[in-house]
Structures are given as structure tokens and as C-alpha cells.
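Colleague:
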Amino acid sequence: MIKYISTSVGGLVLRGTAHIPDKGKQRYPTVLMFHGFASTRNEVFNSFVEMSRVLNMDGIAAVRFDFGCHGESDGDFSNFIFTQELQEGAALVEFAKTLDFVEPYNLSLLGMSLGSVAASMTAGKYPNAIKSLCMWSPATVFVDEIVNKHILQGRTTDEVQQVGYFDFNSLKLGPKFFEDVKHIHPYQVAVPFTGPVIIIHGDADNIAPIKYAKRYSDFYQQDIKLVVVSGASHAWNTVSVKEALIRETRQFFKETLMDNDVKKL
256 MIKYISTSVG
266 GLVLRGTAHI
276 PDKGKQRYPT
286 VLMFHGFAST
296 RNEVFNSFVE
306 MSRVLNMDGI
316 AAVRFDFGCH
326 GESDGDFSNF
336 IFTQELQEGA
346 ALVEFAKTLD
356 FVEPYNLSLL
366 GMSLGSVAAS
376 MTAGKYPNAI
386 KSLCMWSPAT
396 VFVDEIVNKH
406 ILQGRTTDEV
416 QQVGYFDFNS
426 LKLGPKFFED
436 VKHIHPYQVA
446 VPFTGPVIII
456 HGDADNIAPI
466 KYAKRYSDFY
476 QQDIKLVVVS
486 GASHAWNTVS
496 VKEALIRETR
506 QFFKETLMDN
516 DVKKL
């Protein structure tokens, strides 16, 4: 069953979609999904939609929202800052736990690209609220690029000072975003989460180089699983690599969410 849901965070209405299994239960283990930068809750090539349907087959619910300033949620992209996404991520965790089909002690996070960074930091801030964490192509590179190299996806950010915004694929990204990034510390904030973590990354990703994904192993206390998919770009845009992505993610959540002896957090 698909259900459309919404909640307000920081004065903005966030709009989302819930995929609920039809397994005869009242509540289900649930995956809350964080989409990538300038994307939507469907994700590129509808990968979040497909993932939600697969999870439902295993008796796992899925909840996906458009972050503020994205998709159908309120706000203009020119006003977006990453700190806002972190605040919304925390609020969405709390909101998801109140939904009548969700097992509140059995909630995991899935992120894509910048959404992976937000998911890992959200899990780090609220480690007892999250059961497990899956990151697709985490884009932790964005801090290094913007703060140290003054670029974003290979293009200089000088235009922000010149014209007042960065032209990101026809979307105006305002100067507050670049100032806010100076205060973001992705790895350090993620550390307190000690539950299961998997990172699935393509070795042909030229948007988020894999070396940044590998750095998570230097910070997390627990062993984390890194799955490198040969030939996969940041967009996961061939049948074979997308099948690998879905397969690895499905197995991870089956192992971490479907345990009958799950600890109630």
C-alpha cells in the first residue's frame, strides 16, 4: 500500500510517501530514506521507489520524504543549507517513529549521495534511535571540495561572489549554503553510531570519489562493510550495477531489521 504523508519542520511542510507491506501485521520494521542533493524522494531513475517495493516484499516498510527546498516540499532551493537537512533528518526520525505502521524500535536509515552524509550524521546524533545504516555513494567530498578547493562538482564556486548564486543544473544555490558547509564535520559527527553500517559505492564514481567512502573506516569504532561495485557511476545508471545495488541493500536490511530477537531501543 502506498500512503502520502506530510509533516512540518522549521516552518516548512515536508511531503513524503510511505510504502507499507501487506503482510497482515499492524507494524513493520521500517527504512527511512534520505535522497541526494538537488534530487527528490524518488531518487535518480526512481531507485528509491524500486527499493521501497523490494523492501515491502520482505515485510519492511519504507518512508521517503522530499527535504525542504526540494521536490514537492516547501522552500526555494536558493535558500537551502545542509544544516537545515540535518535538522529535518532528525525531525523525520522522530516523526517516522510515531507512524502507526512503524515499529519505532526497528527503524533504519538509507541515504544516497549527500543524503548518505545526512543519514550517517543523523545516526551519529541519535544512535539509540537507529537500528542500522546503509549509505549509497556517500558524497562527503563536498566539504573538502567547497572549503579547501573552492569547487563544486568540478566547477569553481567563484560565481557565487560574482552573481550571487551558484548555477547547479539550472537551480540557484545561494551563498548561505557555502558558508554553512564550513561548519560541517561529517565523519566526526557520525562516530557515535555503533550499529551495523554498509557503504555501497561504485568504482567509476567521478562525483563522489570512493576514497572518501573508505575514510569512514578510520572513524567508526565498529567494522563496517564496504561493497565496491565495478563499473558503477554515481548515478547507478546501468541495469547490472543497479541490480547489484538493490541486491546488496536488500540483504543488509533483511539481516539487520528482520531479527526476531531485535533489541527494543
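In this note's numbering, the protein residues as written are 256 to 520.
The beta carbon of each residue, even a glycine, is placed where N, CA and C say it ideally should be.
Just so we're clear, the structure is a prediction, and the values are computed from it rather than from any experiment.
Look up L354 in the DSSP assignment and say whether it is helix, strand or coil.
Modeller: DSSP places L354 in coil when its eight states are reduced to three.
Colleague: Provide the residue span of the beta strand (DSSP E) that contains V526, from first to last.
Modeller: Residue coverage of the chain in this structure runs from 256 to 520, which leaves residue 526 outside it and unanswerable.
Colleague: Between H290 and F303, which are expected to be in contact by the criterion C-beta below 8 Å, what is the C-beta distance as a whole number of angstroms?
Modeller: Indeed they touch by this definition, with Cβ atoms about 7 Å apart.
Colleague: In its own chain, which residues sit with a C-beta less than 7 Å from the C-beta of K518, not counting the 5 before and 5 after it?
Modeller: Only weak support exists for where K518 lies, its pLDDT of 39 falling under 50; the coordinates are left without a value.
Colleague: On a CA-only basis, which of H489, N361 and K437 is nearest I462? Give me that one, please.
Modeller: The residue with the shortest Cα to Cα distance from I462 is H489.
Colleague: On the DSSP bridge assignment, give the partners of K410 in chain order.
Modeller: Here residue 410 is Arg; the residue named in the question, Lys, does not match the sequence. In the DSSP output, where bridge partners are listed per residue, R410 has L407.
Colleague: Only counting the same chain, and skipping five residues up and downstream in sequence, which positions put a Cβ closer than 6 Å to that of A317?
Modeller: Closer than 6 Å at Cβ, skipping near neighbours: H274, V286, S307 and L310.
Colleague: In the DSSP assignment, find the unbroken beta strand (DSSP E) run with T295 in it and report its ends.
Modeller: Run containing T295: none; DSSP gives neither H nor E here.
Colleague: What three-state label does DSSP hand F522 in the structure shown?
Modeller: The requested residue 522 does not occur in the structure, where the chain is confined to residues 256 to 520.
Colleague: In angstroms with no decimal places, state the Cα-to-Cα distance between V484 and D458.
Modeller: Distance between the alpha carbons of V484 and D458 is about 6 Å.
Colleague: For T511, which of helix, strand or coil comes out of DSSP?
Modeller: In the structure shown, T511 sits in a helix (DSSP, three-state: H, G or I).
Colleague: F448 and I385 look like a contact to me (Cβ under 8 Å); what is the Cβ gap, rounded to whole Å?
Modeller: Contact holds; Cβ gap of about 7 Å.
Colleague: So, at 8 Å on beta carbons, what are the nonlocal neighbours of K469 in its own chain, with the 5 sequence-adjacent residues on each side left out?
Modeller: Hits under 8 Å: L481.
Colleague: What is the C-beta distance between K431 and I315, in whole angstroms, given that I count them as a contact (C-beta under 8 Å)?
Modeller: In fact, because the Cβ distance is near 37 Å, the residues do not count as touching under 8 Å.
Colleague: Can the beta-carbon of F332 be found less than 9 Å from the beta-carbon of L428?
Modeller: Yes. Within cutoff.
Colleague: My parser needs the beta strand (DSSP E) runs of 3 or more residues fully inside the region 337–401; what are they?
Modeller: If we require 3 residues or more, the beta strand (DSSP E) runs fully inside the region 337–401 come out as 357–367 and 388–391.
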